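Everything on this sheet refers to the single structure shown next.
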DNA sequence: CACATTGATAGACAAAGGTTATCAACCGAG
DNA sequence: CTCGGTTGATAACCTTTGTCTATCAATGTG
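Protein chains in written order, with the numbering used here: chain Z, 1 to 302; chain S, 1001 to 1302.
Rendered as structure tokens:
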């Protein structure tokens, strides 16, 4: 049995007339006759009772008609679903991300992506860079978001820069420093500085320490909080300042402003890279990177 | 796209290897290659990523695999369903019956039929004989159960005798007449006789009147009740006797016994006929008549 | 490096679907 | 009742296409 048999059968059942059905199908009536007969032989059941003046369905034919319609409909559905998946408009995408760094930028980007591709189910998987590359290799994630220059990537991966941004000083809008267009890192030596730490050695807190250390700036001990949310709350309340990508927003928004850092240096420029397995990029993954790059433009810069 | 493409695709997806899949399908590997390629072209989506050492599914392929399996399963299901319907093991059967006459006999017969053909949905449609024949003609019912000799049927119908039984006198088991092996109709002239009447002119009550009248027997007025249930209750309670097919049982059972009628005559012999449209007999209908006939034997006679 | 394995390709062949021409059966109008 | 006009079935021919064998390039393995 082939789908052709089902298509022909449904056409005959719909017109109750071989000749008209053959016309609709753009085949000759004998061809149709033969196919229906073959179908009946294959099933071992008569589907139509032939009278001059047309045909009527047997009970077996009526039963088979329902199912045949259903099958054809499902084939149609399967086709469009496969095409949608091919085009990256449907499917599942697991994105590995670095918790703190990407969070502020990713939230609106994900929203934009979901709006454009509602049939895609995106899952976020936060993990350190090394774990992400391993996850990429075995196919547990399709896209990894990491920081740092592309040159540092092992071979076998392709990448695209999703975001390149100078980091900035985050202060409450009522803060004394908020009145200044730009701020020197030196000036933070007397400020209360807050950083995120998960207890590890490579978190936000440690990264800020490194920035100060590279310039020989002595500073007050950096207060550590356990999450970005807490940090934003502290900064928004004027209880401290921090150094962040200027995309991070507090919940209530508008209470935090970013100010340019007067110093320069590669370590003040953050590259957010989308990474995927070389040659293993699905259209879905490409669409995702596309949307991320578009968001970079829309969100603007400091 | 044909079912062949789906079958081949599923086979490849299951083995992840063209050669082994081709083996399972009993076709050559190039034939399989071509069909898969045709499928991919038809879908406009790549289904496999070919590596030496085997193939892996693309996301589109994974999506399509689920649906393809589903489609093939449904085709399988549709086939068995059509075959079951053809064989009369599944489907819908509407049986027209004469309320009073067939009720007692039909209940156990229906139970037997449902037990043997659980996938068949039987509907009972009670109506007078003339309505039943009309319903048969237009296909509203597939089988009609009527009384009387087959000769009285209009042409265009076939029939089979499902039951031929002498009617009998129904009395309560404690009734004086219950002690007798057979009873003359004459003896009922002094009894309280009960009959079913729906107000029409062709009911059970009128039929009994006719039996008495044909033999010139004067009798006390026949008490009319509006249903078989009521009649059985009255008889079981010893408040009267009646003339019935000896298949009728009261709810509680055992309290009513049937006694042979001493007189003879064609009007004491009831024929229950199954009637169907000539040539329009489905296997389902034949099975139904078959079961009914078998029940006749099992239920025995007076 | 030789060898075995993978899937893809080319050409030949046969099965099978499609076409045209024609048939018997039936219905309805004249 | 006969005569078109309809129904679906059949036969013979043609064309498409699914399949086969033989072979290839690419890749992994001893």
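The beta carbon of each residue, even a glycine, is placed where N, CA and C say it ideally should be. In this text the structure is predicted, and so the values were computed from the model without any measurement.
According to DSSP, residues forming a beta bridge with residue 123/Z: 94/Z
Sequence-distant residues of its chain with Cβ nearer than 8 angstroms to residue 1223/S (five each side left out): 1192, 1193, 1194, 1195, 1234, 1240
Residues in the stretch 135-164 of chain Z having any Cβ partner in chain S nearer than 7 angstroms: none
is_contact[residue 1029/S, chain Z] using C-beta, thresh 8 angstroms: no
Chain-ordered neighbours of residue 85/Z on chain S, where CB pairs are closer than 9 angstroms: 1045, 1058, 1059, 1060, 1061, 1062, 1063, 1064
Where residue 271/Z falls: helix, strand or coil (DSSP): strand
Exposure of residue 305/Z, with buried meaning 16 or more beta-carbon neighbours within 10 Å: Absent from the structure is residue 305/Z, since the part of chain Z shown begins at 1 and ends at 302.
Contacts around residue 144/Z, its chain only, beta-carbon distance under 6 angstroms, and the 5 residues preceding and following it disregarded: 96, 132, 136, 275
For residue 1055/S and residue 1029/S, the rounded distance between their alpha carbons: 14 angstroms
Residue 122/Z versus residue 248/Z: straight-line alpha-carbon distance, rounded: 21 angstroms
Chain Z contact residues for residue 1284/S, given Cβ-Cβ distances below 8 angstroms: 59
Whole-angstrom distance between residue 67/Z and residue 1007/S, CA atom to CA atom: 18 angstroms
Cutoff 6 angstroms; reference residue 244/Z; Cβ partners in own chain excluding five residues on either side: 170
Cβ-Cβ separation, residue 65/Z to residue 10/Z (assumed contact under 8 angstroms), whole Å: 7 angstroms
Per DSSP, the bridge partner or partners of residue 1143/S: 1095/S
Neighbour-count burial assignment, residue 295/Z, 16 or more Cβ in a 10 Å radius: buried
Proximity below 8 angstroms, CB of residue 1075/S to CB of residue 1003/S: yes
Local conformation of residue 1061/S per DSSP, three classes: helix
Outcome for residue 1049/S when other beta-carbon atoms lying within 10 angstroms are tallied against a minimum of 16: exposed
Proximal residues of chain Z, C-beta to C-beta of residue 1001/S below 8 angstroms: 3, 75, 79
Distance between residue 107/Z and residue 1091/S (C-alpha atoms, nearest Å): 55 angstroms
Neighbourhood of residue 1159/S by C-beta distance below 7 angstroms, restricted to the same chain and skipping five residues each side: 1150, 1153, 1273, 1274, 1275
Residue 165/Z, DSSP secondary structure in three states: strand
DSSP-derived helix/strand/coil call for residue 1106/S: helix
Cβ of residue 304/Z within 8 angstroms of any chain S Cβ: Beyond the ends of chain Z as shown, which are 1 and 302, falls residue 304/Z; an answer cannot be given.
Supposed contact pair residue 1156/S and residue 86/Z - C-beta distance, whole angstroms, cut 8 angstroms: At roughly 59 angstroms, the Cβ-Cβ gap does not stay under 8 angstroms, so residue 86/Z and residue 1156/S are not in contact.
8 angstroms CB neighbourhood of residue 300/Z in its chain, flanking five on each side removed: Confidence is the limiting factor: at residue 300/Z the pLDDT is only 47, short of 50, which leaves the residue's position unreliable and the question unanswerable from this model.
Cβ of residue 1179/S within 8 angstroms of any chain Z Cβ: no
Beta-carbon proximity check, residue 1263/S vs residue 1184/S, cutoff 8 angstroms: yes
Where the alpha helix (DSSP H) through residue 228/Z begins and ends: 228-236
For residue 1271/S, the nearest candidate out of 1035/S, 1033/S, 1098/S, 1254/S (CA to CA): 1098/S
First through last residue of the beta strand (DSSP E) which encompasses residue 178/Z: Segment: none, residue 178/Z is in no beta strand (DSSP E) and carries neither H nor E.
Simplified DSSP state of residue 1089/S, which is helix, strand or coil: coil
Distance between residue 1236/S and residue 1242/S (C-alpha atoms, nearest Å): 10 angstroms
Spatial distance of residue 15/Z from residue 53/Z (CA atoms): 12 angstroms
Status (buried if at least 16 other CB within 10 Å, exposed otherwise) for residue 1059/S: buried
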